[in-house]
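K.L.:
Line order of the protein sequences matches chains V and Y. Each residue of the first sequence is one higher than the one before, counting from 1 in this note's numbering. Each residue of the second sequence is one higher than the one before, counting from 1 in this note's numbering. Heads up, the beta-carbon is just placed ideally off N, CA and C, and yes, glycines get one too. Computed from a predicted model, the values in this text were never measured in an experiment.
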Amino acid sequence: MSFLADHLIITPILLPLLAGAAMLLVNDRHYRLRAALGLVSTLALLVIAIMLVQLADVPAGDASLGRAYLLGNWPIPVAIVLVVDRLSALMLTLSAVLALCMQIYALARWHRAGLHFHSLVQFLLMGLNGAFLTGDLFNLFVFFEVLLAASYSLVLHGAGQQRVEAGLKYIAINLAASLLFLIGVSMIYGVTGTLNMADLAMRLPDIAAADRPLLEVGAAILAVAFLVKAAIWPLGLWLPNTYGAASAPVAAMFVIMSKVGIYAVLRVWMLVFGPHAGASAYFGGDWLLYAGLATVTVAAIAVLATQDSKQLAGHSLLVSSGTLLAAIGTGQAGVVGAALFYLISSSLGIGAFYLLIELTERNKTAGADILAVTWEAFGEADDVLPGEEEVGVAIPATMALLGISFILCALLIAGLPPVSGFIAKFALLTAAFNPEGLGATGEPISTTGWLLLAALLLSGLTALIALARAGMKIFWMPASTRVPRVRLIEMAPIGTLLILCMVLTVQAGPVLRYTQAAAEELFAPESYVESVFGAPRAGELPQEAEL
Amino acid sequence: MEALVALSIAVLTASGVWLLLRPRTFQVIIGLSLLSYAVNLFIFSMGRLRSNAAPLLEKGVQADPAALADPLPQALVLTAIVISFATTALFLVVLLAARGLSGTDHVDGGEGRQ
């Protein structure tokens with residue numbers, strides 16, 4: 001037990017790596033064994049992530065205890081360090097939940113549409129978990145590449161011309177973004193001489209004024225690389241097409257991929273350019289705010305304009321990315337705390353929506369004009385899918401269940417009561433209007449607050465109009481009266497995600513307290529720095545060589 | 001030496017960006033390769049340009065850090081080379097698949113479309 005406790009922080013990276021590699025050794029014909037391995041591994045990841053949440057969720061005084069892991073037992077700051085704090089533990093849990101749901105959904109048919117589906121999911125998880133845990137900038141790049149390499153193959157899963165073309169652009173854009181990442185990282189290294197984020201946070205106030213512009217240019221280039229992942233306008237035009245072309249479970253999993261960009265911005269920006277950074281404090285905050293607002297505006301219009309449900313989901317994802325970035329750009333701990341709650345709620349909601357769309361569109365015939373393009377893609381995909389007449393129980397009252405799920409998804413995405421999307425937006429606005437805490441006002445509401453209010457409400461309104469229209473088309477004017485054949489195993493993950501959102505609604509108090517604590521931790525990087533520099537080295541140490 | 005290195009990075013980057021924006025998939029992949037060479041050189045130069053300086057300490061010998069090259073950017077460059085090589089290879093496969101499916105090497109899958 002103590003061995004596991006010692007190495008708990010690295011298991012979210014090692015476990016999917018080993019599970020994914022082990023699956024490659026299993027013959028293709030034993031796809032059930034592969035699927036079982038994948039499910040067990042993801043389930044274990046979920047358990048570990050929850051354990052890490054408990055590890056991270058301690059009062060600030062005990063923060064330095066066992067929250068950092070020195071790879072290879074090298075001394076700080078030479079060691080690449082893994083750090084778990086509330087934010088990274090939260091992201092780990094969220095990605096494990098989404099992965100588990102999409103894997104169960106894929107069991108119905110998608111996992112046999114191509115080779116190595118489950119291995120790729122595990123490698124994607126490894127990259128995601130690594131990116132959330134690492135405390136080193138270059139290591140972050142490496143884990144980004146791991147998750148991107150897995151995602152390139154997952155986009156292409158199921159083949160078909162549309163996927164390959166979308167994948168081509170997705171890969172080209174991300175390769176270019178990775179190069180920007182490298183330029184940014186190396187410029188920061190050139191100025192500060194370190195890549196360890198905690199060390200960077202400590203050295204930043206002492207950077208000479210003459211070197212600051214170079215550092216800030218490096219940070220800005222790095223931010224561009226992150227914002228491409230987060231799909232911020234105008235860097236995010238690739239997202240709706242790519243996610244729309246990907247198979248449903250993959251698109252649902254990729255919801256967390258755009259959040260990796262947001263996470264990286266939040267982590268690096270807060271740690272390096274936090275309040276302690278002297279002359280560079282909150283460098284570029286206004287840019288984040290206005291880029292976020294621009295994204296929300298453009299995506300909200302696109303949500304209205306689109307006729308295709310998958311595009312609708314993609315643009316909703318852009319709205320949520322924009323909202324998150326704008327909230328981060330305000331530079332207020334309260335707003336960021338609420339934004340983290342919004343992140344959970346919107347990820348679960350949009351993930352469920354991507355899964356749901358495929359089920360509702362299954363009854364579309366080839367003559368349905370609006371979705372002719374989508375159908376074309378599915379027509380090709382069906383060729384490679386074995387067993388169109390599947391065995392398995394089709395659940396009764398399918399349309400009713402699909403309809404209820406659709407309404408819940410719509411409420412979540414538009415942010416209407418009584419679901420968690422509403423609570424998230426409400427918390428965001430409350431925090432933006434009361435920067436000093438509830439009741440402590442006296443000063444008028446800031447322009448930022450009004451802008452955020454307008455963005456949130458208008459994007460919610462357009463989402464509601466667009467989703468209502470899509471719902472009418474799907475359920476009231478179906479192209480065929482044939483009820484889609486939906487299996488329990490496909491409905492269960494959607495139900496799970498939506499029930500989790502319900503739980504989030506009921507338990508909003510504790511969750512908001514957690515996200516608030518996470519945000520405050522981000523705004524006071526001392527505890528992060530402390531847990532990195534206070535990390536104990538294991539075992540007997542050899543005598544340090546005198547240099 | 002600085003001018004020479006800066007100039008080569010600039011030429012590689014400019015050619016890379018230009019090729020990246022071309023409509024043929026092969027041009028795109030060559031553009032990405034050139035860009036990654038430029039970035040690798042750039043990382044290397046971020047460790048300060050030194051000639052005749054080894055990045056390694058000799059065991060047991062008291063060494064002056066000022067006489068040594070910074071080893072970290074060299075390690076970073078190695079990692080970056082490996083990663084960009086692998087992802088370029090992956091991209092090449094996708095490029096070939098797109099060529100096979102659409103019958104053209106245009107990035108939009110056809111001359112007339114879009």
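Note down the Cα distance separating F571(V) from K473(V), rounded to an integer number of angstroms.
P.N.:
Here chain V comprises residues numbered 1 to 547, so residue 571(V) is not present and cannot be evaluated.
K.L.:
Leaving out five residues before and five after A19(V) in sequence, what residues of the same chain have Cβ atoms less than 6 Å from its Cβ?
P.N.:
Only L37, S41, Q122 meet the Cβ criterion.
K.L.:
Examine chain Y for any beta-carbon lying closer than 7 Å to the beta-carbon of G314(V), and answer yes or no.
P.N.:
Cβ-Cβ to chain Y under 7 Å: no for G314(V).
K.L.:
For my contact list, A302(V) and G322(V) are in at a C-beta cut-off of 8 Å; report their separation, rounded to the angstrom.
P.N.:
With a Cβ gap of about 11 Å, A302(V) and G322(V) do not count as contacting.
K.L.:
Any beta carbon of chain V sitting closer than 7 Å to that of S8(Y)?
P.N.:
Judged by the 7 Å Cβ criterion, S8(Y) is not in contact with chain V.
K.L.:
Ends of the beta strand (DSSP E) at V83(V)?
P.N.:
From DSSP, the beta strand (DSSP E) with V83(V) extends over 81–83.
K.L.:
I need the DSSP call for D136(V), collapsed to helix, strand or coil.
P.N.:
In this structure, D136(V) counts as strand in the three-state DSSP scheme.
K.L.:
For the stretch 37–55 of chain Y, enumerate the residues whose C-beta is nearer than 7 Å to any C-beta of chain V, in chain order.
P.N.:
So the close ones are V39, F42, I43, M46.
K.L.:
Mind reading off the beta-carbon distance from V94(Y) to L156(V)? Whole number of angstroms is fine, and I expect it under 8 Å.
P.N.:
V94(Y) to L156(V), Cβ: 7 Å. Contact.
K.L.:
So the alpha helix (DSSP H) L356(V) belongs to, where does it begin and stop?
P.N.:
Its alpha helix (DSSP H) spans residues 333–360.
K.L.:
Tell whether a beta-carbon distance below 7 Å holds between L195(V) and F138(V).
P.N.:
Against a cut-off of 7 Å, the Cβ pair of F138(V) and L195(V) comes out as a contact.
K.L.:
I need the DSSP call for H118(V), collapsed to helix, strand or coil.
P.N.:
In this structure, H118(V) counts as helix in the three-state DSSP scheme.
K.L.:
Is S186(V) close to chain Y, meaning its C-beta is less than 7 Å from at least one C-beta of that chain?
P.N.:
Cβ-Cβ to chain Y under 7 Å: yes for S186(V).
K.L.:
Does the beta-carbon of P444(V) have 16 or more other beta-carbons within 10 angstroms, so that it is buried, or is it exposed?
P.N.:
When all chains shown are included, P444(V) counts as exposed.
K.L.:
Less than 7 Å between the C-beta atoms of I83(Y) and E145(V), yes or no?
P.N.:
A contact, by the Cβ cut-off of 7 Å.
K.L.:
What's the C-alpha gap between A535(V) and T192(V)?
P.N.:
Each residue's alpha carbon lies about 22 Å from the other.
K.L.:
Just to confirm before moving on: does the CB-CB distance between L354(V) and A252(V) stay below 7 Å?
P.N.:
The sequence given here places Tyr at residue 354(V); Leu does not occur at that position. Yes. Within cutoff.
K.L.:
The alpha helix (DSSP H) spanning Y105(V) covers which residue range?
P.N.:
That run of the alpha helix (DSSP H) goes 86–106.
K.L.:
Check the Cβ-Cβ distances between L34(Y) and every residue of chain V, and say whether any is below 7 Å.
P.N.:
So no, L34(Y) is outside the interface.
K.L.:
Between I171(V) and chain Y, is there a C-beta pair that is closer than 7 Å?
P.N.:
True, the Cβ-Cβ gap to chain Y drops below 7 Å.
K.L.:
Is L70(V) helix, strand or coil when you go by DSSP?
P.N.:
Looking at L70(V) - three-state DSSP - the assignment turns out to be strand.
K.L.:
When you check each C-beta in the stretch 95–108 of chain Y against every C-beta of chain V, which residues fall closer than 8 Å?
P.N.:
Of all residues in the stretch 95–108 of chain Y, L95, A97, A98, L101, S102, V107, D108 have a Cβ within less than 8 Å of some Cβ in chain V.
K.L.:
For P386(V), which three-state DSSP category applies?
P.N.:
Reliability fails at P386(V), whose pLDDT of 42 lies under 50, so the model's placement of it is uncertain and the value that follows must be treated cautiously. Note: P386(V) maps to coil in three-state DSSP.
K.L.:
Which chain V residues sit within Cβ distance under 7 Å of L20(Y)?
P.N.:
Chain V residues near L20(Y): A176.
K.L.:
From which residue to which residue does the alpha helix (DSSP H) around R29(V) run?
P.N.:
Note, R29(V): premise wrong, no alpha helix (DSSP H); not H, not E.
K.L.:
Between V164(V) and the rest of its own chain, which residues show a CB-CB distance below 8 Å, the 5 nearest in sequence each way excluded?
P.N.:
Same-chain partners within the cutoff: L156.
K.L.:
On the DSSP bridge assignment, give the partners of N241(V) in chain order.
P.N.:
DSSP output for N241(V) lists no bridge partner at all.
K.L.:
Between L411(V) and G421(V), how many whole angstroms is the CB-CB distance? I'm expecting something under 8 Å.
P.N.:
Yes, they are in contact, since the Cβ atoms of L411(V) and G421(V) sit about 6 Å apart, within 8 Å.
K.L.:
Which chain Y residues sit within Cβ distance under 9 Å of E165(V)?
P.N.:
The contacting residues are A98, L101, S102, V107, D108, G109.
K.L.:
In the DSSP assignment, find the unbroken alpha helix (DSSP H) run with T25(Y) in it and report its ends.
P.N.:
25–46 is the span of the alpha helix (DSSP H), which, as asked, contains T25(Y).
K.L.:
Let's test the definition: count the other Cβ atoms within 10 Å of the Cβ of Q54(V) and tell me whether it reaches 16, buried, or not, exposed.
P.N.:
Its Cβ having fewer than 16 others within 10 Å, Q54(V) is exposed.
K.L.:
Tell me the rounded alpha-carbon separation between S51(Y) and V83(V).
P.N.:
If you take the alpha carbons of S51(Y) and V83(V), they lie about 38 Å apart.
K.L.:
Got a sec: is the Cβ-Cβ distance from F181(V) to anything in chain Y below 7 Å?
P.N.:
Taking Cβ atoms only, chain Y never reaches closer than 7 Å to F181(V), which makes this a no.
K.L.:
Opposite H315(V) in the DSSP bridges: which residues?
P.N.:
According to DSSP, H315(V) bridges with nothing at all.
K.L.:
With 7 Å as the threshold, decide whether the Cβ of L402(V) is near any Cβ in chain Y.
P.N.:
L402(V) does not count as touching chain Y.
K.L.:
Which residues bound the alpha helix (DSSP H) around I9(V)?
P.N.:
Unbroken run through I9(V): none, as it is neither H nor E.
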